[in-house]
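Accompanying notes for the structure given below.
Pasting the structure below:
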């Protein structure tokens, strides 16, 4: 049992998310939308490919959001549903989805915070539905990995970390 | 179980190095970073204070390659060891797939080890995770120091074991890493299971990869 991280992400999930986020990017003129899970893993990227290391970005995003979650509780709020980080040229807007993943929107001066906030509402509602469906269905018929996977993974571990 | 992303064909496993302050958690990750082929690891991120004490976490992604069509990655995290950083320490455990407890073998650090171990159990419980059911290993670090406590004392204090209630598991399980020792054994009429342990000198790298191999193989087993 490892709890919160027990879920799988399928091709059809990726397509639904792609459709929602492509629509949102078109309407808001934001550059990139990313979905990061709260444990720090990148789930999906839509729009302009970011120039940064996505793995590192995901771990920092999850930590940022979690830390702010705790700050919210200290103020007597159950959560900060959204966060905004403003830069000179690049800014980011983060929104909670179903308490399990985070939507990150990267945008520059081709749009405004107001426009992003306005357009993101629909996307958040739609994504919440997609992820709620995903979490509810899980554990029952996930395809799992092939039986040979374990042996081959162990061999790779020996190779990488020294036999 | 780790998140399996069937769309990008990726499996990411989260390993967390836990333990008392100045015990060698960051040193473990630094050694891995320095020794693993650069193509197999990502950037190491350290959120540390000016005096290089971990403030929030260190992070190092290691790429195992593609296995049966899946890209398998281990995400190695450390937590801040100092007692007063508990809020951030707890956050890092979210979604953990395997835990390495890095104990400081020095006899003077025994209380700090015990306190950190209790804190680990508490934080895991608060997340709803059971440390006796997920991959867990203990590393006794700083074995080269003259004031290192004997392994038997460290085991008694930090790894006394938990009862095995499942009848299917009530059979001796030899410890693959130590001759004539058992991970599951009958003691005073009761079946007891212990976490696997490893001896290490993280500064020189001794035992660092043995620990990582041990925990990562156990994590991979949970994917099947």
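Chains as they are written, first to last, in the working numbering: chain A, 3 to 165; chain B, 83 to 306. Virtual Cβ for every residue (Gly too), placed ideally from N, Cα, C. Model, not experiment: these values are computed from the prediction.
By a beta-carbon distance limit of 8 Å, residue 284 of chain B contacts residue 106 of chain B. Their separation comes to about 4 Å. By the 16-neighbour rule on beta-carbons within 10 angstroms, residue 272 of chain B is exposed.
In this model, residue 93 of chain B and residue 30 of chain A are separated by some 32 Å (Cα to Cα). Between the stretch 175-190 of chain B and the stretch 203-218 of chain B, the count of Cβ pairs shorter than 8 Å is three or higher; the stretches touch. If you draw a 10 Å sphere on the C-beta of residue 157 of chain B, you find 16 or more other C-beta atoms in it, and that means buried.
What residue 98 of chain A touches in chain B, judged by beta-carbon distance under 8 Å, is nothing: the nearest beta carbon there is about 14 Å away. Under DSSP, residue 147 of chain B shares a beta bridge with B:154.
Bridge pairing for residue 87 of chain A: A:94 [DSSP]. Excluding the 5 residues flanking it on each side, residue 253 of chain B has same chain C-beta neighbours closer than 8 Å at 266, in chain order. Three or more Cβ pairs drawn from the stretch 56-74 of chain A and the stretch 116-128 of chain B lie within less than 8 Å of each other, which places the two stretches in contact. Straight-line measurement puts the Cα of residue 112 of chain B at about 13 Å from the Cα of residue 289 of chain B.
Less than 7 Å separates the beta-carbon of residue 158 of chain A from that of residue 147 of chain B. Close partners of residue 152 of chain A in chain B (Cβ separation under 7 Å): 302, 303 and 306. Against chain B, the CB of residue 18 of chain A has no partner CB under 7 Å away; the residue lies outside that interface.
With respect to residue 221 of chain B, residue 184 of chain B sits close: the two C-beta atoms are nearer than 7 Å. For a Cβ distance threshold of 8 Å, residue set 155, 158, 159 and 162 of chain A lies close to residue 146 of chain B, ordered along the chain. Residues of chain B with a Cβ closer than 9 Å to the Cβ of residue 62 of chain A are, in chain order, 127, 129 and 141. Annotation for residue 95 of chain A: 86, 107 and 118 place their beta carbon closer than 6 Å to its own, counting only its chain and skipping 5 residues before and after. Cβ atoms of residue 229 of chain B and residue 164 of chain B stay farther apart than 8 Å, at about 21 Å. Not a single CB atom of chain A sits nearer than 7 Å to the CB of residue 106 of chain B. Rounded to the nearest angstrom, the gap between the Cα atoms of residue 138 of chain A and residue 192 of chain B is 44 Å. Taken through DSSP and simplified to helix, strand or coil, residue 186 of chain B comes out as strand.
Relative to residue 51 of chain A, the option among A:148, A:126, A:82 and A:36 whose CA is nearest is A:36.
In the three-state DSSP reduction, residue 218 of chain B falls in the strand class (E or B). Residue range 13-30 is occupied by the alpha helix (DSSP H) that includes residue 24 of chain A. Ranking B:115, B:173 and B:223 by CA distance to the CA of residue 206 of chain B puts B:173 first. Taking CB atoms only, residue 24 of chain A has no neighbour in chain B less than 7 Å away. In the three-state scheme derived from DSSP, where H, G and I count as helix and E and B as strand, residue 140 of chain B is classed as strand. Excluding residues up to 5 positions away in sequence, 44 and 47 lie with their Cβ nearer than 7 Å to the Cβ of residue 56 of chain A in the same chain.
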